[in-house]
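Using UniProt numbering, you'd call the opening residue of the sequence shown number 1 and step up by one each time. To start, the structure under review is shown below, and the notes come after it.
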Amino acid sequence: MASNSEDLNSSDKSQNEREEKERHLWSEIRNNSGELSQNWLKIARDTYPQNSSFLYESYQRAYARNDLEESSKYLGQLIEISIETVNQEVKKIAEALCSESNSFMTKIFEQLPEDTKYKVMLNVIRKNVTSVIEYCESMFVFLKKIPYPKYVKHAYDIMEILILEEKLCNFNDPINRFRMISVCQVFPLIIQMSQVDMRNERDFYFLQQAVEFYVSCIFKPPTAQNEEIIKSLHFCRERPFDSWRPLLKLLQEIAIRYKWSIPEMHASYDNKTRGYDLYKCLKFRSNLLQCMIHKKYAKFENRQHCEEAFFTICLAFFYHFYKFASCIYPQNKPNFHHGRCSYFLLDGNPTCQTKFPENFENELVLAEIRNICIGKLTSRKVSFKIISSFLKAVDYYEMLHIGYIFPRFRDICNNINIKAWPIFSEFYLNYLYYNGNYRPMLFILGKEHSEDLHDKIKCYLQRANCHFMMNNFKRGLDNLIYAICELPMLSSSTLVEDDMQMLHSMMSKYDERSLYFLNCDSNEVFPYCISVLLKVFKFRQNIIDTHHDMRLGFMLVLMQYDLENEKDTLNMIIEKIKIKRSFVFKRFLHYIVHATMLEELHQLITYEDGSIDLRILPDNVINYEGGRKIRITRKYLQYELKEAFKNQMCRAGENKENLLIDFVRKERKNFMLSLRPFF
């Protein structure tokens, strides 16, 4: 007992002596100034290196002098002794890092040892975080400053937490705050922190999350819920294709990490040489995957080849799909959910826009342009972009529907709700028509009930072409006539002779099918409709029946719009009339106004001394006696015919578009009547 008492007395005495020395040192430090005070402070630190008071005083003086080296040294020592003593300083560091300012506190943190930085991060997160978002953001801020491989586990944890929170919140849209933090901030940090040879199967899932997010941001219009998120990405409307760079960069970094065979090709799909090589490689890979068994990809090492093909083909599809969308929605890019589609695919004749500049040679081989053309109202550059981007998007879309990669692509499409995108609906309808899937296309078109005039005309024409290609001429003609009847009256002529040369022979029977991207402008829709309607009558022109003259008359009316390309048909009709020696068409004076056609038909009046019976005048020049038609006199009738032709010549300057629209509207029932025996 006596021994223990002596030890306690000795300890108390030692403690008192230490406190006395510390008070003395503090007295000298405070009573002196300048260099002398600094010397006393140094003596105090050397004497009591674990005394946080002397270290904190040293830190404050160094901080006041903006001495970065001394400040970080003393603060680091204080944190190692007890971080609780510098809570205020740690809080200042956290605020500086979160504000991303280049303040003195940020520089101090950067000078701290690696383990000390880690302690600061854990302390801040433990004491100041109150929500999942704050936790993830704070952890991300600190990990950016300590991007060392041994801490990458924390970055993976952040990703998993954000994904879990997104699921718990039941977000139906990939564009949300949790997804933005995970794919725009944390996932690139994981790639930065990880060693090149460090691989994790979750990387592919994170990359899929990034694809869904960026593709949705690029294609979807801003809403009240996601507008701020899309704005924060700083997409440039003047350079819309720059919005693909972050996603392509992620793909390239993953390609380098996993030693994919073509990582350098992911930087830009616009490079023509790379694009051509990439296309050939992906075509080969897709054919290879088609022959492989799903079980072969059970092992992670083997599955990488499938992941490479999937993500590369997937991004290639969305990229070229975006290019196609930008061309057919030129006034609304990058927003494809509002406005009107400018082009849609129909059957046609490839007689224009087939010669492209030589520097497009590789791209043409890549696109495999298969007799698809666009009218000359569209520039060659735009024509090439539409055809090339569509065909490449189609090829990549078909590659995504094979083997193991199809379920993955289906998941992405479901997660971004691609079927609800108007622009995808346009692409899919064109895709179905391109592949000759007319019944599914008609099923989809049957569900559309738009009140917009433009959409109604487009829908009628698409239905008409599907029915024509299925040899259902009655329904095809019905829809074609509906489309013409919906066309607005035009204020001036829209005839473009070069474009009519392309439309000539539309819908003819070719050994190889030809396709045509029709511009939705009335300047192209109207001549296309008239050309197709004329072809319907041409198919039946050699059939002799009671409606033969009516069909020939309808052909004459329709041919007026493009008589330059229909002169052979006009000569053929005149020869038929001469052989038959008669022609009955009482609507002649209403609709035949083309000067050249009138001149050709006028010669029939005096042909072989008027031997041809032309019944093209109204009934008021004919008398009726005893129920029999009796001509007044042949000479008088020829005079009436000549006067009628003379009067018609005065109408040669009339707007033929409006004349033909009015003609179709009034004669639609007679069209069906004259063609009914052949349906």
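Glycine included, each C-beta is placed from N, C-alpha and C at the ideal position. Owing to the predicted nature of the structure, the values given are computational and were not obtained by experimental measurement.
Whole-angstrom distance between PHE204 and GLU307, CA atom to CA atom: Your numbering for residue 307 matches position 307 in the sequence shown. Your numbering for residue 204 matches position 204 in the sequence shown. Roughly 7 Å separates the two Cα atoms.
Secondary structure of ARG615, DSSP reduced to three states: Counting from 1 along the sequence shown, the entry for residue 615 is found at position 615. ARG615 falls in the strand class under three-state DSSP.
Status (buried if at least 16 other CB within 10 Å, exposed otherwise) for SER508: Counting from 1 along the sequence shown, the entry for residue 508 is found at position 508. Here the model assigns SER508 a pLDDT of 42, short of 50, so the residue's position is not dependable, and the following value carries that caveat. Flag for SER508 reads exposed.
Given 8 Å, three or more beta-carbon pairs between the segment 169 to 187 and the segment 226 to 233: At 8 Å Cβ cutoff, the stretches touch.
Separation of ILE158 from ILE374, as counted between CA atoms: On the sequence shown, position 374 is the one that residue 374 refers to. On the sequence shown, position 158 is the one that residue 158 refers to. Between ILE374 and ILE158, the C-alpha separation is close to 51 Å.
Outcome for LYS474 when other beta-carbon atoms lying within 10 angstroms are tallied against a minimum of 16: Taking the first residue of the sequence shown as 1, we reach residue 474 at position 474. Under this definition LYS474 is an exposed residue.
Beta-carbon spacing of TYR343, ASN519 below 8 Å: Along the sequence shown, one-based indexing puts residue 343 at 343. Along the sequence shown, one-based indexing puts residue 519 at 519. Yes.
Per DSSP, cross-strand counterpart(s) of VAL584: On the sequence shown, position 584 is the one that residue 584 refers to. BP columns for VAL584 point to ARG615.
Per DSSP, cross-strand counterpart(s) of ILE374: Counted from its first residue, the sequence shown places residue 374 at position 374. Partner(s): PHE517.
Beta-carbon proximity of PHE427 to PHE321, cut-off 8 Å: Here residue 427 corresponds to residue number 427 of the sequence shown, with the count starting at 1. Here residue 321 corresponds to residue number 321 of the sequence shown, with the count starting at 1. With respect to the 8 Å criterion, PHE427 and PHE321 are classified as neighbours on the basis of their beta carbons.
With 16 other Cβ atoms within 10 Å as the buried cut-off, status of ILE369: Working through the sequence shown from its first residue, we reach residue 369 at position 369. For ILE369, the predicted model reports a pLDDT of 47, less than 50, meaning its position is unreliable; a value from the coordinates is still stated below. When all chains shown are included, ILE369 counts as buried.
Secondary structure of LEU345, DSSP reduced to three states: Locating residue 345 in the sequence shown gives position 345, where the first residue counts as 1. Strand at LEU345.
Rounded separation between SER383 and ASP662 - CA only: The residue you call residue 383 lines up with position 383 of the sequence shown. The residue you call residue 662 lines up with position 662 of the sequence shown. Computed Cα separation, rounded: 32 Å.
C-beta contact flag for ASP562 and MET469 at 8 Å: In the sequence shown, residue 562 corresponds to position 562, counting from 1. In the sequence shown, residue 469 corresponds to position 469, counting from 1. Inclusion of ASP562 and MET469 in the CB contact set at 8 Å is not warranted, their separation being larger than that value.
GLY653 classed as buried or exposed, judged by whether at least 16 other C-beta atoms fall within 10 angstroms: Mapped onto the sequence shown, residue 653 falls at position 653. GLY653 should be labelled exposed.
Three-state secondary structure assigned by DSSP to MET159: Within the sequence shown, the letter at position 159 stands for residue 159. If DSSP states are grouped into helix, strand and coil, MET159 belongs with the helices.
Separation of ILE372 from PHE356, as counted between CA atoms: Your numbering for residue 356 matches position 356 in the sequence shown. Your numbering for residue 372 matches position 372 in the sequence shown. Reliability fails at PHE356, whose pLDDT of 42 lies under 50, so the model's placement of it is uncertain and the value that follows must be treated cautiously. The straight-line gap from Cα to Cα measures roughly 13 Å.
Within 8 Å, strictly: CB atoms of ILE612 and LEU641: Position 612 of the sequence shown, counted from the first residue, corresponds to residue 612. Position 641 of the sequence shown, counted from the first residue, corresponds to residue 641. For ILE612 and LEU641, no; Cβs fall outside 8 Å.
Helix, strand or coil at VAL90 according to DSSP, with G and I counted as helix: Taking the sequence shown and counting its residues from 1, one reaches residue 90 at position 90. Helix, per DSSP.
Backbone secondary structure at SER505 - three-state DSSP: Here residue 505 is taken as the residue at index 505 of the sequence shown, counted from 1. With a pLDDT of only 40 at SER505, under 50, the local geometry of the prediction cannot be trusted, and no value is derived from it.
Beta-carbon proximity of GLU212 to ILE416, cut-off 8 Å: For this step, residue 212 is matched to residue 212 along the sequence shown. For this step, residue 416 is matched to residue 416 along the sequence shown. In contact: GLU212 and ILE416 (Cβ atoms closer than 8 Å).
Beta-carbon gap between MET193 and TYR135 smaller than 8 Å: Residue mapping note: residue 193 aligns to position 193 of the sequence shown, counting from 1. Residue mapping note: residue 135 aligns to position 135 of the sequence shown, counting from 1. For MET193 and TYR135, no; Cβs fall outside 8 Å.
Which of helix, strand or coil DSSP assigns to PHE171: Here residue 171 refers to the residue found at position 171 of the sequence shown. Reduced to three states, the DSSP call for PHE171 is coil.
Proximity of SER138 and VAL152 at Cβ, strictly below 8 Å: As a position in the sequence shown, residue 138 is number 138, starting the count at 1. As a position in the sequence shown, residue 152 is number 152, starting the count at 1. Taking 8 Å as the Cβ cut-off, SER138 and VAL152 do not qualify as a contacting pair.
Minimum C-alpha distance to CYS485 - residue among ARG668, TYR48, ILE592: For the purposes of this step, residue 485 is identified with residue 485 of the sequence shown, where counting begins at 1. Answer by Cα proximity: ARG668.
Cβ neighbours of residue 683 in the same chain (closer than 6 Å, five flanking residues each side left out): Residue 683 lies beyond the range of the chain shown here (1 to 679); nothing can be said about it.
Through-space distance from LEU78 to residue 708, alpha-carbon basis: Since the first residue of the chain shown is 1 and the last is 679, residue 708 is not available in this structure.
Coil, strand or helix - TRP244 by DSSP: By one-based count along the sequence shown, residue 244 stands at place 244. TRP244: helix per DSSP, three-state reduction.
Bounding residues of the alpha helix (DSSP H) (the contiguous stretch that carries ASN523): Taking the first residue of the sequence shown as position 1, residue 523 is located at position 523. Where ASN523 is concerned, the enclosing alpha helix (DSSP H) stretches over 522 to 538.
DSSP three-state assignment for GLN603, whether helix, strand or coil: On the sequence shown, residue 603 is found 603 positions in, with the first residue counted as 1. For GLN603, the three-state secondary structure derived from DSSP is coil.
Local conformation of residue 760 per DSSP, three classes: As displayed, the chain neither begins before 1 nor continues past 679, which places residue 760 out of reach and without an answer.
Secondary structure of TRP40, DSSP reduced to three states: For the purposes of this step, residue 40 is identified with residue 40 of the sequence shown, where counting begins at 1. Helix.
Span of the alpha helix (DSSP H) around ASP203: Working through the sequence shown from its first residue, we reach residue 203 at position 203. Looking at the DSSP string, the run of the alpha helix (DSSP H) that includes ASP203 is 202 to 219.
Residues near residue 710 by beta carbon distance below 7 Å, same chain, minus five either side: This structure gives no information on residue 710, because the portion of the chain shown stretches from 1 to 679.
Residues near residue 685 in its chain [Cβ-Cβ closer than 8 Å; skip 5 each side]: The structure shown has nothing for residue 685, since the chain only spans 1 to 679.
Candidates GLY476, ILE191, CYS217, GLN111, of which the one nearest CYS529 by Cα: Here residue 529 refers to the residue found at position 529 when the sequence shown is read from its first residue. Just measuring C-alpha positions, the residue of GLY476, ILE191, CYS217, GLN111 sitting nearest CYS529 is GLY476.
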